[in-house]
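Here's the structure, in structure tokens; my notes come after.
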């Protein structure tokens, strides 16, 4: 077979193609693992039923982030109390950040359900959502890092969280108006019982 | 047939036995009804073995003339059959979700075509290896399709029927193995000539074992037909979501700029 071959594939193509082949094989493992997990856990569209409940705790969380509290704690209890309060406040902020992420992901999940159950989808809209969600995740991680090293003013997170939450709530309301939840629920029930 | 190396002969025998066994299971479990192209692909493999056996018997294993060309022609036939089986799996998984399926088709065809053309264009400068290059292109095309499909299914949280998932995974993995095998062969033609046959046969036997293991009992899970919404739901909701995401990103961006240390 192939006797007398003097000139073969060039090196750049060879390495690029080998890397692509390995990447494809790796991705197929990863994607299939996702599918099996989905079968077990992904009654996941039950996200549709859960509006962001953390909104109930909003006043308390806002209060816990009030900078005036630090001044008060320092004046009354000294630096030790202020440091302790600052640490606890950071924990609250991190939990807050997790809540933002959760609401954001919930909205994305709802959007995917809508897309997958739609007879027509727009490539532009889907691409835009993927791009935006990737940007969100990147910036989100950066903000988290900055929060962890203490250079992110925590009250600003409230605005961020309100945006993520309002998006989820608005979607819930619109869906209810359109009266499509029953169809979705039926679909999800079918999927979960299988 | 006596000219064949023992290992190659053993691998062929094993692959043939496993293919036959799998084909019987496919008919017994009535999988062929839902996966006719996959069934056809298994049959094509058996047919190829018979034809190759005849060719090698008549023209010898190391023939460079008629026997060689005919052997590769059968390989093209099998690869095309595998391509159809892969397309069938894609349709089984995503086909019932019309909107996403249409989108996936467009993207996967474009990606597959790019991969195929790139492989054919950059793959070789040697006429003698043109057939291998063509096979590489087709394998890359199939692998891209299967992986793309699984990624789509993952992104949209589409439930994957276990048979479809396992058949798709096997076809994709087999294509990746063959692609890598062909690449190494093209790179080290003379030294790799014998090993190429071994690796190719071993990969196929491995995938057949996987499929046989999976089909040892009837599939109990099935995904029912989804009830699709009207297109108005998508048209009214998705732009809102994207708008909100865009606002959220702008907000994040502002945080970043506000807080960035000034030079």
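Chains as they are written, first to last, in the working numbering: chain X, 1 to 194; chain C, 195 to 457.
Ideal Cβ placement from N, Cα and C applies to all residues, glycine included.
- In the DSSP assignment, residue 300 of chain C falls within the unbroken alpha helix (DSSP H) covering 292-316.
- Under the three-state reduction of DSSP, residue 409 of chain C is assigned to coil, being neither helix nor strand.
- For residue 225 of chain C, the enclosing alpha helix (DSSP H) covers residues 225-228.
- Between residue 316 of chain C and residue 411 of chain C, the alpha-carbon positions lie close to 44 Å from each other.
- Contacts between residue 128 of chain X and chain C, judged by CB atoms closer than 7 Å, involve 436 in chain order.
- If you draw a straight line from the Cα of residue 117 of chain X to the Cα of residue 422 of chain C, it comes to about 5 Å.
- For residue 243 of chain C, no chain X residue has a Cβ inside 9 Å of its Cβ, as the nearest lies near 18 Å away.
- When the alpha-carbon of residue 231 of chain C is set against those of C/250, C/209 and C/284, the nearest one is in C/284.
- Around the beta carbon of residue 138 of chain X, a 10 Å sphere encloses fewer than 16 other beta carbons of the protein chains shown; the residue is thus reported as exposed.
- Not a single CB atom of chain C sits nearer than 9 Å to the CB of residue 97 of chain X.
- Beyond the five residues adjoining it in sequence on each side, residue 216 of chain C comes within less than 7 Å, by CB distance, of 236, 402, 405, 406 and 409 in the same chain, given in chain order.
- Burial is judged here by how many other beta carbons sit within 10 angstroms of a residue's own beta carbon; residue 369 of chain C has at least 16 and is buried.
- A Cβ-Cβ contact shorter than 9 Å links residue 325 of chain C with residue 269 of chain C.
- For residue 350 of chain C, there is no enclosing alpha helix (DSSP H), as DSSP gives it neither H nor E.
- Using a 10 angstroms sphere on the CB of residue 248 of chain C, the tally of other CB atoms stays under 16, which defines it as exposed.
- Annotated as distal: residue 27 of chain X and residue 361 of chain C, with beta-carbon spacing of 9 Å or more.
- Distance between residue 30 of chain X and residue 348 of chain C, taken at the CA atoms: about 9 Å.
- Residues of the same chain with a CB within less than 7 Å of the CB of residue 265 of chain C, apart from the 5 flanking positions on each side, are 246 and 249 in chain order.
- Per the coordinates, the alpha-carbon of residue 378 of chain C lies some 36 Å from the alpha-carbon of residue 127 of chain X.
- Under the 9 Å criterion on CB atoms, residue 291 of chain C is classed as interfacial with respect to chain X.
- When DSSP states are grouped into helix, strand and coil, residue 249 of chain C belongs to the helix group.
- Setting aside the 5 residues that flank it on each side, residue 129 of chain X is surrounded in the same chain by 111, each with a C-beta closer than 7 Å to its C-beta; the list follows chain order.
- Judged by DSSP in its simplified three-state form, residue 287 of chain C adopts helix.
- Between residue 348 of chain C and chain X, the shortest Cβ-Cβ separation is below 9 Å.
- Comparing alpha-carbon positions, the option among C/435, C/395 and C/443 lying closest to residue 199 of chain C turns out to be C/395.
- Annotation for residue 356 of chain C: the continuous alpha helix (DSSP H) segment containing it runs 356-381.
- Scanning C/439, C/288 and C/338 for the CA closest to the CA of residue 353 of chain C turns up C/288.
- Listed by position along chain C, the residues whose Cβ is nearer than 8 Å to that of residue 90 of chain X form an empty set, because the closest Cβ is around 16 Å away.
- The C-beta distance from residue 220 of chain C to residue 233 of chain C rounds to 5 Å, short enough to fall under 8 Å.
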